[in-house]
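Structure representation (structure tokens):
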């Protein structure tokens, strides 16, 4: 049973990492638009940051 | 544990150092930015998919002056950062081009909901409770599996070390609510919850210190977790509804143009006072009661009175707030503003009607009222019984704790929110927004539906009657004249001609005579299109909207119009009738128009010429007869009736006051979803009742065990988890994963219908 001495802190630590990750997602507004974010990943738009070099207006007008 | 410390320490240190600086810097930066850019928030009810999202974003980004456009699909909302001179109308027009209906929202009113602190707070507590309960459950399982003596004590102590702080943090919402209830001398659902959690934690701690066998730390935490989950779902549904309701309330941004000797200035409505000169442009709404000083035009009063015919307005005419100016600019001298205006006189009526609405107590409240005292009595009795029988205080307390834990309304706490979340999510996808927490329950009870006409069953926009029956030259000429005007009748004429493929005739010297009509030259003759008396037509019979065309001295040719049906109006009425409901039509418009419409949509029971008071009285009379009335209306004249009804629905196009008074708001233009909504509500109520039954069943099985002293933490955990999971799964059946996507109103056809 000596192994518990390591296993319990280890499991709590790993769980703690999960909890910290959850707090991070919460603080960085990742639950604000669950529907939208799950679909944005499928589009080719540069909507998280500006597209490098070429201006993005062109693609908008092309439509 | 020590390994965890350095990790969060670094960022925390950095954040704190910044903490002291950021507020001031942020405020400065925001002030600076506010001077250089505006933030506009738009509501987009028609948005459904990823492709809509990128189309909207691209279209908005392509509008000159827009710096950033971001769509939130969950809230169906777009927020735009733009140059300071950007007006929302530009963006709305741009979105209209690609077939999206958009409304402006007041960004200020929305700020509070966007940083939804309460929701985030609950989610954080839920996360902590979930994390802690899983860890404690792992330890508990090894105890149940046979850990003994020192190992068991060690596990119990570790559980206590995790559980106590976690409960202290996560349980706060319950502690606060229970304390609030106790202080005002009431019992609510939270009192037994808190009692169970505290008693479980307390006795477990004592048992642990005595090397006892039964510790309920896992039960106390699972309880907290499930109940928080219910709370969170509940909050989320309400937050979405509340923010959307707020955004709709923000739709009418209160601004007016004041005319001063120095020129025109746009001021907030509150800054106006009686005696000010106010300019109202064509298409604008009267901000105040007043008298027309200069200008001639026509007024649309449909939102106030329900009449569809535009009314002539010229100098000396008295106008009231809420009327819409159609053709020419008008300058008014304000006679009454704000609280004194006729708009606000209706508010009193609403207040009276609201006080009449019966105090509806929700299913959950009724369950709690039965449940809370019962549980306490049961726990107290088993404590007393065991104490008297055995004289063992510790054992008696343990039994009482077990009874409280097992009967704890874990499943009851989930029973309602899980169902309402599923059901209102489903209704939201269909374009219905549930504003009030109990609206769903009330909607399910409805047996009578009262419709308003103008703006509710009709689109509020006229359409040319018998377009095919008009001779082509006349229609071509009329279309040419109509092309120069934004008057609703002109727009209807122009689009009717376009539909028939008739090209406008070549006219010259086209000009609008505000308040009367259009005038131009064709083949050297004067041609006029407009009001009958101006054109020289015989006095109109009946109250049908009409426009007359006269070429030179020829005979005037009439064009008659009727109000276009809102898409889905017939379906909605047919759907309610098929469900066996009584459907009535009550309108402020004239009998002719009301009867014609009633026949078109299939309503037998109609009433015309009803004043706002009449409408409220009709609804009140029906309620007095024991009917549960659903009122569907949009105008100011419906507000009192909306408040008096058992449950009320208003379309998003309705006036602010009407939407505030109603429980459910219909986003978009299609009425088709009304009848299925009642079905969904009924289904939801059935599920809630089933859930109560399931939860009770589990209690009936488990409570005797607890009272008999046979309950172990394992049994408590099993009973609690299985009942909660069954209840949640049952709730999901409302959402019916196979809900057909096809009838969901797609934005494009809607928009074209509206334009047509």
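Chains as they are written, first to last, in the working numbering: chain A, 92 to 154; chain B, 562 to 1317. All C-beta atoms in this analysis are idealised placements derived from N, C-alpha and C, irrespective of residue type, glycine included.
Residue 1051 of chain B and residue 1079 of chain B do touch by the CB rule: their CB atoms are close to 7 angstroms apart, below 8 angstroms. One finds 685 and 688 in chain B with Cβ atoms closer than 8 angstroms to the Cβ of residue 114 of chain A, taken in chain order. As a beta-bridge residue in DSSP terms, residue 826 of chain B pairs with B:819.
For residue 110 of chain A, the C-beta contacts it makes with chain B under 8 angstroms involve 688, 689 and 692, in order along the chain.
For residue 1207 of chain B, the closest alpha carbon among the candidates B:1229, B:1231 and B:1179 is that of B:1179. Between residue 641 of chain B and residue 702 of chain B, the gap from beta carbon to beta carbon reaches 9 angstroms or more.
For residue 661 of chain B, the secondary structure class from DSSP, reduced to helix, strand or coil, is coil.
In the DSSP assignment, the residues bridged to residue 604 of chain B are B:638 and B:664. Annotation: residue 1058 of chain B to residue 1087 of chain B spans about 21 angstroms, alpha carbon to alpha carbon. A Cβ-Cβ distance of about 16 angstroms is found for the pair residue 1291 of chain B and residue 1260 of chain B, leaving them out of contact under the 8 angstroms criterion. Using a Cβ-Cβ distance cut-off of 8 angstroms, the segment 1148-1168 of chain B and the segment 976-991 of chain B are not in contact, since fewer than three pairs of beta carbons, one from each stretch, lie closer than that value. In this structure, residue 776 of chain B lies near residue 1274 of chain B, with their beta-carbon atoms less than 9 angstroms apart. Residue environment: residue 876 of chain B is assigned as exposed (fewer than 16 neighbouring CB atoms within 10 Å of its CB, all protein chains considered).
Secondary structure within the segment 1108-1146 of chain B: the alpha helix (DSSP H) runs of 4 or more consecutive residues, fully enclosed, are 1130-1139 (chain order). Within chain A, not a single residue places a beta-carbon under 9 angstroms from that of residue 983 of chain B; the smallest gap is close to 15 angstroms. For residue 852 of chain B, the secondary structure class from DSSP, reduced to helix, strand or coil, is strand. Taking C-beta atoms as the reference points, residue 896 of chain B and residue 879 of chain B count as a pair closer than 9 angstroms. Separation of the CB atoms of residue 1241 of chain B and residue 988 of chain B is rounded to 6 angstroms, and the pair is thereby assigned contact status at 8 angstroms. In this structure, the straight-line span from the alpha carbon of residue 713 of chain B to that of residue 99 of chain A is close to 14 angstroms. With its beta carbon at least 9 angstroms from every one in chain B, residue 119 of chain A lies outside the interface. Listed as beta-bridge partners of residue 1198 of chain B by DSSP are no residues whatsoever.
Of the candidates B:725, B:697 and B:853, the residue whose Cα lies closest to the Cα of residue 779 of chain B is B:697. For the pair residue 1134 of chain B and residue 1144 of chain B, the CB atoms are nearer than the 9 angstroms cut-off. In the three-state scheme derived from DSSP, where H, G and I count as helix and E and B as strand, residue 784 of chain B is classed as helix.
Residue burial is scored here from C-beta neighbours: residue 886 of chain B has at least 16 other C-beta atoms within 10 angstroms and is therefore classed as buried.
Shown here for residue 709 of chain B: not one same chain residue has a beta carbon closer than 6 angstroms to its own, the five before and five after excluded. Per DSSP, reduced to three states, the secondary structure at residue 116 of chain A is helical.
Residue 1021 of chain B and residue 927 of chain B have their C-alpha atoms some 42 angstroms from each other. The beta carbon of residue 1082 of chain B lies closer than 8 angstroms to those of 1068, 1069, 1070 and 1088 in the same chain, with the five residues before and after it left out. With a minimum length of 4 residues, the unbroken runs of alpha helix (DSSP H) contained wholly in the segment 1173-1247 of chain B fall at 1173-1185, 1200-1205 and 1217-1222.
Residues of chain B with a Cβ closer than 9 angstroms to the Cβ of residue 133 of chain A are, in chain order, 611.
Residue 818 of chain B is not a Cβ neighbour of residue 846 of chain B, given a cutoff of 9 angstroms.
Residue 1109 of chain B sits buried, since 16 or more C-beta atoms from the chains shown fall within 10 Å of its C-beta. In the three-state scheme derived from DSSP, where H, G and I count as helix and E and B as strand, residue 1023 of chain B is classed as strand.
Residues of chain B with a Cβ closer than 8 angstroms to the Cβ of residue 130 of chain A are, in chain order, 610, 611, 614 and 634. In terms of Cα proximity to residue 108 of chain A, the closest of B:1282, B:634 and B:689 is B:689.
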